[in-house]
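S.K.: Residue numbers (the UniProt record's numbering), protein chains in the order written: chain A, 1 to 290; chain B, 1 to 290; chain C, 1 to 290; chain D, 1 to 290.
4 protein chains.
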Amino acid sequence: MTAHIQPNKDHACLIVHGPDQPGLVAAVTGLITRNQGNIVTLDQYSDNPAGGAFFQRVVFHRADLSAALPEIQADLDATLSPYGVEWTLTDQSIPKRMAILASTSDHCLLELLWRHRRGELPVTIPMVISNHTNTAEDVRTFGIPFFHVPSAGPDKSEAEAKILELLAGNVDFVVLARYMQIISEDFLQKVAVPVINIHHSFLPAFIGAAPYRKAKERGVKLIGATSHYVTEDLDEGPIIEQDVARVDHSMTASDLQARGAYVERAVLSRAVQWHAEDRVIRHGNQTIVF
Amino acid sequence: MTAHIQPNKDHACLIVHGPDQPGLVAAVTGLITRNQGNIVTLDQYSDNPAGGAFFQRVVFHRADLSAALPEIQADLDATLSPYGVEWTLTDQSIPKRMAILASTSDHCLLELLWRHRRGELPVTIPMVISNHTNTAEDVRTFGIPFFHVPSAGPDKSEAEAKILELLAGNVDFVVLARYMQIISEDFLQKVAVPVINIHHSFLPAFIGAAPYRKAKERGVKLIGATSHYVTEDLDEGPIIEQDVARVDHSMTASDLQARGAYVERAVLSRAVQWHAEDRVIRHGNQTIVF
Amino acid sequence: MTAHIQPNKDHACLIVHGPDQPGLVAAVTGLITRNQGNIVTLDQYSDNPAGGAFFQRVVFHRADLSAALPEIQADLDATLSPYGVEWTLTDQSIPKRMAILASTSDHCLLELLWRHRRGELPVTIPMVISNHTNTAEDVRTFGIPFFHVPSAGPDKSEAEAKILELLAGNVDFVVLARYMQIISEDFLQKVAVPVINIHHSFLPAFIGAAPYRKAKERGVKLIGATSHYVTEDLDEGPIIEQDVARVDHSMTASDLQARGAYVERAVLSRAVQWHAEDRVIRHGNQTIVF
Amino acid sequence: MTAHIQPNKDHACLIVHGPDQPGLVAAVTGLITRNQGNIVTLDQYSDNPAGGAFFQRVVFHRADLSAALPEIQADLDATLSPYGVEWTLTDQSIPKRMAILASTSDHCLLELLWRHRRGELPVTIPMVISNHTNTAEDVRTFGIPFFHVPSAGPDKSEAEAKILELLAGNVDFVVLARYMQIISEDFLQKVAVPVINIHHSFLPAFIGAAPYRKAKERGVKLIGATSHYVTEDLDEGPIIEQDVARVDHSMTASDLQARGAYVERAVLSRAVQWHAEDRVIRHGNQTIVF
Numbered sequence: 001m002t003a004h005i006q007p008n009k010d011h012a013c014l015i016v017h018g019p020d021q022p023g024l025v026a027a028v029t030g031l032i033t034r035n036q037g038n039i040v041t042l043d044q045y046s047d048n049p050a051g052g053a054f055f056q057r058v059v060f061h062r063a064d065l066s067a068a069l070p071e072i073q074a075d076l077d078a079t080l081s082p083y084g085v086e087w088t089l090t091d092q093s094i095p096k097r098m099a100i101l102a103s104t105s106d107h108c109l110l111e112l113l114w115r116h117r118r119g120e121l122p123v124t125i126p127m128v129i130s131n132h133t134n135t136a137e138d139v140r141t142f143g144i145p146f147f148h149v150p151s152a153g154p155d156k157s158e159a160e161a162k163i164l165e166l167l168a169g170n171v172d173f174v175v176l177a178r179y180m181q182i183i184s185e186d187f188l189q190k191v192a193v194p195v196i197n198i199h200h201s202f203l204p205a206f207i208g209a210a211p212y213r214k215a216k217e218r219g220v221k222l223i224g225a226t227s228h229y230v231t232e233d234l235d236e237g238p239i240i241e242q243d244v245a246r247v248d249h250s251m252t253a254s255d256l257q258a259r260g261a262y263v264e265r266a267v268l269s270r271a272v273q274w275h276a277e278d279r280v281i282r283h284g285n286q287t288i289v290f
Numbered sequence: 001m002t003a004h005i006q007p008n009k010d011h012a013c014l015i016v017h018g019p020d021q022p023g024l025v026a027a028v029t030g031l032i033t034r035n036q037g038n039i040v041t042l043d044q045y046s047d048n049p050a051g052g053a054f055f056q057r058v059v060f061h062r063a064d065l066s067a068a069l070p071e072i073q074a075d076l077d078a079t080l081s082p083y084g085v086e087w088t089l090t091d092q093s094i095p096k097r098m099a100i101l102a103s104t105s106d107h108c109l110l111e112l113l114w115r116h117r118r119g120e121l122p123v124t125i126p127m128v129i130s131n132h133t134n135t136a137e138d139v140r141t142f143g144i145p146f147f148h149v150p151s152a153g154p155d156k157s158e159a160e161a162k163i164l165e166l167l168a169g170n171v172d173f174v175v176l177a178r179y180m181q182i183i184s185e186d187f188l189q190k191v192a193v194p195v196i197n198i199h200h201s202f203l204p205a206f207i208g209a210a211p212y213r214k215a216k217e218r219g220v221k222l223i224g225a226t227s228h229y230v231t232e233d234l235d236e237g238p239i240i241e242q243d244v245a246r247v248d249h250s251m252t253a254s255d256l257q258a259r260g261a262y263v264e265r266a267v268l269s270r271a272v273q274w275h276a277e278d279r280v281i282r283h284g285n286q287t288i289v290f
Numbered sequence: 001m002t003a004h005i006q007p008n009k010d011h012a013c014l015i016v017h018g019p020d021q022p023g024l025v026a027a028v029t030g031l032i033t034r035n036q037g038n039i040v041t042l043d044q045y046s047d048n049p050a051g052g053a054f055f056q057r058v059v060f061h062r063a064d065l066s067a068a069l070p071e072i073q074a075d076l077d078a079t080l081s082p083y084g085v086e087w088t089l090t091d092q093s094i095p096k097r098m099a100i101l102a103s104t105s106d107h108c109l110l111e112l113l114w115r116h117r118r119g120e121l122p123v124t125i126p127m128v129i130s131n132h133t134n135t136a137e138d139v140r141t142f143g144i145p146f147f148h149v150p151s152a153g154p155d156k157s158e159a160e161a162k163i164l165e166l167l168a169g170n171v172d173f174v175v176l177a178r179y180m181q182i183i184s185e186d187f188l189q190k191v192a193v194p195v196i197n198i199h200h201s202f203l204p205a206f207i208g209a210a211p212y213r214k215a216k217e218r219g220v221k222l223i224g225a226t227s228h229y230v231t232e233d234l235d236e237g238p239i240i241e242q243d244v245a246r247v248d249h250s251m252t253a254s255d256l257q258a259r260g261a262y263v264e265r266a267v268l269s270r271a272v273q274w275h276a277e278d279r280v281i282r283h284g285n286q287t288i289v290f
Numbered sequence: 001m002t003a004h005i006q007p008n009k010d011h012a013c014l015i016v017h018g019p020d021q022p023g024l025v026a027a028v029t030g031l032i033t034r035n036q037g038n039i040v041t042l043d044q045y046s047d048n049p050a051g052g053a054f055f056q057r058v059v060f061h062r063a064d065l066s067a068a069l070p071e072i073q074a075d076l077d078a079t080l081s082p083y084g085v086e087w088t089l090t091d092q093s094i095p096k097r098m099a100i101l102a103s104t105s106d107h108c109l110l111e112l113l114w115r116h117r118r119g120e121l122p123v124t125i126p127m128v129i130s131n132h133t134n135t136a137e138d139v140r141t142f143g144i145p146f147f148h149v150p151s152a153g154p155d156k157s158e159a160e161a162k163i164l165e166l167l168a169g170n171v172d173f174v175v176l177a178r179y180m181q182i183i184s185e186d187f188l189q190k191v192a193v194p195v196i197n198i199h200h201s202f203l204p205a206f207i208g209a210a211p212y213r214k215a216k217e218r219g220v221k222l223i224g225a226t227s228h229y230v231t232e233d234l235d236e237g238p239i240i241e242q243d244v245a246r247v248d249h250s251m252t253a254s255d256l257q258a259r260g261a262y263v264e265r266a267v268l269s270r271a272v273q274w275h276a277e278d279r280v281i282r283h284g285n286q287t288i289v290f
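1. Between ASP155/D, ALA102/D, HIS116/D, GLY260/D, which has its C-alpha nearest GLY135/D's C-alpha?
2. Would you say ALA225/A faces chain C, with C-beta separation under 8 Å as the test?
3. When you compare the segment 183-199 of chain C with the segment 268-284 of chain C, are there three or more beta-carbon pairs, one atom per stretch, that lie closer than 8 Å?
4. For TYR229/B, which residues from the same chain have a beta carbon less than 8 Å from its beta carbon, with the 5 sequence-adjacent residues on both sides left out?
5. Could you tell me whether the Cβ of ALA253/A comes closer than 8 Å to any Cβ of chain D?
6. Rounded to the nearest angstrom, what separates GLN6/C and PHE60/C at their Cα positions?
7. Could you check the C-alpha separation between ILE100/C and LYS156/C for me, to the nearest Å?
8. Out of THR29/A, LEU256/A, ASP47/A, which one is the CA nearest neighbour of PRO211/A?
9. Identify which residue in LEU203/A, ILE15/A, ALA74/A, GLY119/A has its Cα closest to the Cα of ARG218/B.
10. Using the Cα positions of ILE35/C and LEU14/C, report the straight-line distance between them to the nearest angstrom.
11. For the segment 253-273 of chain A, list every residue whose C-beta sits within 9 Å of some C-beta in chain D, in sequence order.
12. Please check if any C-beta of chain C sits within less than 8 Å of the C-beta of TRP87/A.
13. Check the Cβ of HIS17/B against every Cβ in chain C and list those closer than 7 Å, keeping chain order.
14. Does the segment 19-35 of chain D touch the segment 57-73 of chain C, meaning 3 or more C-beta pairs lie closer than 8 Å?
15. Look at the alpha carbon of GLY208/B and the alpha carbon of GLN181/B, and state the distance between them as a whole number of angstroms.
16. Does the Cβ of ALA152/C have 16 or more other Cβ atoms within 10 Å, making it buried, or fewer, making it exposed?
17. Look at the alpha carbon of GLU160/C and the alpha carbon of PHE187/C, and state the distance between them as a whole number of angstroms.
18. With 8 Å set as the bound, which would you pick, yes or no: does the beta-carbon of LEU110/C sit closer than that to a beta-carbon of chain A?
19. Is the segment 109-120 of chain C touching the segment 36-48 of chain C, taking contact as three or more C-beta pairs under 8 Å?
20. Taking Cβ-Cβ distances shorter than 7 Å, what residues in chain D pair up with ILE288/C?
21. Report yes if the CB atom of GLN242/A is closer than 8 Å to the CB atom of VAL220/A, and no otherwise.
22. Does DSSP classify ALA209/B as helix, strand or coil?
23. Under a three-way DSSP split, which group does ILE214/A fall into?
24. Along the segment 226-241 of chain A, what residues have a CB closer than 7 Å to any CB found in chain B?
25. Taking C-alpha atoms, which residue in ASP77/B, MET127/B, LEU76/B lies nearest to ILE97/B?
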């Protein structure tokens, strides 16, 4: 049942990102071949074939990958520096470490924990942090540590400091699974890893608070959810994934919220999976999703 | 193929709309029964069972309907006036008269003409008016009169006056099928029939001009279209129908526009059909769609 | 969050089902009014206005419902017997009792338990029965009794007897949440309550075993799931709900199964909710879903 | 509006198909680079990284493509023959020639003609052939030749012979746009180009005739359409694309047919576009769609 998320032994993921140039694809694939790699999947995109930005993701198999990595990295440095592009090479057998921040709502949190247990998310989950305690038992039933960091009062700096202390050095990215606290710029800078959020509307519609109430008032016929990277501009970060569900006049704002929860958990799960699989490349305020 | 849009001989549609009260449904259905009507479909909705607004749509069959209409209307007056509700009774064998206003884009216009020829829209189309001439031959091939009313220059009042002259007394509602001119408040008041528009975004996102360019810049993963009644507030009228299509990073703003055209024509066609079938009830800035 | 599934105090659901006749709707709504009921929702359908079958579902509010029920039932008997229709009247404040039968897969089972805890399924769950033990702890964490009834060997009669003993008198309907055992005709007759199944294909395609493998071999571009009432004809019972998900050539049969699990849990959940809310009427081998 | 289907001047599409081997991707991309090609898009797939079948589609830009083609072809022969793979190289500025066969239904036929006029299908349409005459005027309004080849009586060989005569040498593929005649094996062999069909069900469900009636009888909640390559086995050829639409109990078989028409025209249009863009590779009874 978990077949398509294998431990990925001896699989590497190479991301190349920079100015598009003739010969770049051949240079990359030639490099992989001469390093005894066998390409498994390859995606690429150029936002303008005449001098635009180039994006490539290659997954390749290489026997004894971990031993060969330094040599491949040296070759990449030598081969790609003339092109002026950036690259990252990841050993896919090493799962990313993901922390989840949550509040009282459990739908996004439990979905991530369940998909992880099912073997569908290539991550480890070193901790769940919540400003409430209602989900503690559920989280621990999944064998995941739970930390309660209350966040009452207008000054959030103490709570943020505690969270940063828990995260420091322990995580590769953070997921806000309906964490109902505004994240400060200071926190974002200090955490220094990508932070993924789920917003309960089809951004840019209904930005800010209470989107389901606003959606009811505007009389929309579809509601949506948006997963995006968090930046200092609230609800303005690069969008990773979105989806919608049909609603009608008979539904109250509470009904929209209940229906929307199913969209939220699906959208966030896909965004998290794609990020964990190195499928998402940020480019300005947009994303390339391979 | 056109089976579900019959001439609807001897079918009436009754819309009741007003404050919710116990016994109202029984009063209406009892009235239909004692007037020899047989209920075919019945929909109702109350936005708050404790004293909210009540909406009902009943289609019933009555042999010799046209002869019986005055009597039924008198009974409705007598029966429903104590409840303080509004009602309209429509003979469904009489199709509504729909004018279409268009510009250069043909996708919404041709879709409406083709669905009409196919027997799926219970309307007659007395005219198509465009501020361009490129669609004239297509329109006339469908056997529909085409009028060219140019709209150059900043002053639109002359063009609007000509359009009003063509429409006056000839139409029951107007459809803006990607008509790329702003409608004035004055026009709306004078035309005095419902005006339905298709907006090329998932409102309220990307309100105003150039929504596909804005959608590309924001990096959304779905694009949409919205059909709504036109009010004096641009893009703010009651929404009748919306839908979306998935897009990705590889698509240009032009690609979004091309993909979006298919959403636009489908959304507008559904909205027009529902309006023509008396399924849409306006309520403040929202719609009830039965 | 659980707003739209209220305890439904003093709400009754009336189902009427039989030969269509003029005046039937008025008779029903008049009866409700004279019994001090206030109609909350009303749906009806006739499969042929000229002498077909008629189906109606009315939810109404009546202060002090439980005291008034005998009187309303007597009135229904008296009023509807001339029409030769069947009716059932249900007090919506009394949730149906639902047993779940499962095997090793947890996706449908946990989804039902979670939606129930969330307040979205108007049922009680007196027990989960499985022929495996792997889900026991999860089930009990939700506070639901778990019974293990092994089903090894070709003769299932002993296992079925044990299950019947557990169910007898305790449940109003049974859900097979990916229960991987064939149910015997004998069991169906003895259990004497509706049994709902989820089949992991878009029926009638890929009937029988291993549908995802068959879907892969046929090269379909969508996979689906179907929830239906169980009858003595395997995979042939009345369909309650279906849905699909897009797949492509790159996915293995295991990938289809993993993707399909999300369709299965959604489809089964909707079918269960609609059944629990008395929205589904069986008619021959089909269903009316209001 | 037609931006994403450019004349594709100096763009070539290379399809490679055969046993997967290490170094194949590098060999192909290296070849393109040394022939001054710049890769625009590249897709690849292997159905089993350990010795399965390999599929690749590369679109590249090469200044002065037509002059360079013989040289590139020679290089492909020399470079790829050691790998034992098949390849085809297509000049994308030369549109494929598509004939359409139709009967009385116009929805698929007109959609293809309209998308073609809009610039969204990279094909020329040398002719439409129908066994009826009702669409002749519409077809000719689009500037496309129309030929009437009646097909009455049990013996279809004369009609097929006439159609083959019209097609011979003039077309690169044939589309059956709801052509309601069974195609003989003899015809398929003689026509010797791909034939694409649209079947009005979600295959393999409701194979054969009258699928909407069968769908109504089975009480399905979704109907579908399937576009596939025609083979000698009726309704069994490789599937290119499928989609579905939601239906409910209130719809008659005629209603399903009317609703289904919109799915059919969308599914067939996508299949035709993908085939015309060389995105579909047949592999046994399946397709790879890039």
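Using N, Cα and C, we set each Cβ at its ideal position, and we do this for glycine too. Source: prediction; values computed, not measured.
M.R.: According to the structure shown:
1. The amino acid occupying residue 135/D in the given sequence is Thr; Gly does not appear at that position. Checking every option, the nearest Cα to that of THR135/D belongs to ALA102/D.
2. Closer than 8 Å: no.
3. Yes, the segment 183-199 of chain C touches the segment 268-284 of chain C.
4. Scanning its chain for C-beta atoms nearer than 8 Å, with the 5 sequence neighbours on each side dropped, one finds around TYR229/B the residues PRO194, VAL195, ILE196, ASN197, GLY237, PRO238, ILE240, ARG282, THR287, in chain order.
5. So, not an interface residue.
6. Bear in mind that the predicted position of GLN6/C carries a pLDDT of just 49, short of 50, making it too unreliable to give a figure here.
7. Their backbone Cα atoms lie some 18 Å apart in a straight line.
8. That would be LEU256/A, whose Cα lies nearest to the Cα of PRO211/A.
9. Measuring from the Cα of ARG218/B, the nearest candidate turns out to be LEU203/A.
10. Position check: residue 35/C holds Asn in this sequence, whereas Ile was assumed. Straight-line Cα distance between these residues: approximately 13 Å.
11. If the cut-off is 9 Å between Cβ atoms, the segment 253-273 of chain A has nothing near chain D.
12. Using beta-carbon distances, TRP87/A does not count as an interface residue toward chain C, since no partner is under 8 Å.
13. Within chain C, no residue comes near HIS17/B; the closest Cβ sits about 16 Å away, beyond 7 Å.
14. Note that the segment 57-73 of chain C does not touch the segment 19-35 of chain D; fewer than 3 beta-carbon pairs, one per stretch, sit closer than 8 Å.
15. Answer to the nearest angstrom: the Cα atoms are 12 Å apart.
16. Counting C-beta atoms within 10 angstroms of its own C-beta, ALA152/C has fewer than 16 neighbours from the protein chains shown and is therefore classed as exposed.
17. Distance between the alpha carbons of GLU160/C and PHE187/C is about 7 Å.
18. LEU110/C counts as touching chain A.
19. With the rule of 3 Cβ pairs closer than 8 Å, the segment 109-120 of chain C does not count as touching the segment 36-48 of chain C.
20. Neighbours of ILE288/C on chain D, chain order: HIS249.
21. For GLN242/A and VAL220/A, no; Cβs fall outside 8 Å.
22. DSSP places ALA209/B in coil when its eight states are reduced to three.
23. In the sequence as displayed, the identity of residue 214/A is Lys instead of Ile. For LYS214/A, the three-state secondary structure derived from DSSP is helix.
24. For the segment 226-241 of chain A, residues whose beta-carbon sits nearer than 7 Å to a beta-carbon of chain B comprise PRO238, ILE239, GLU241.
25. The question names Ile, but residue 97/B is Arg in the sequence shown. For the residues ASP77/B, MET127/B, LEU76/B, the minimum Cα distance to ARG97/B belongs to MET127/B.
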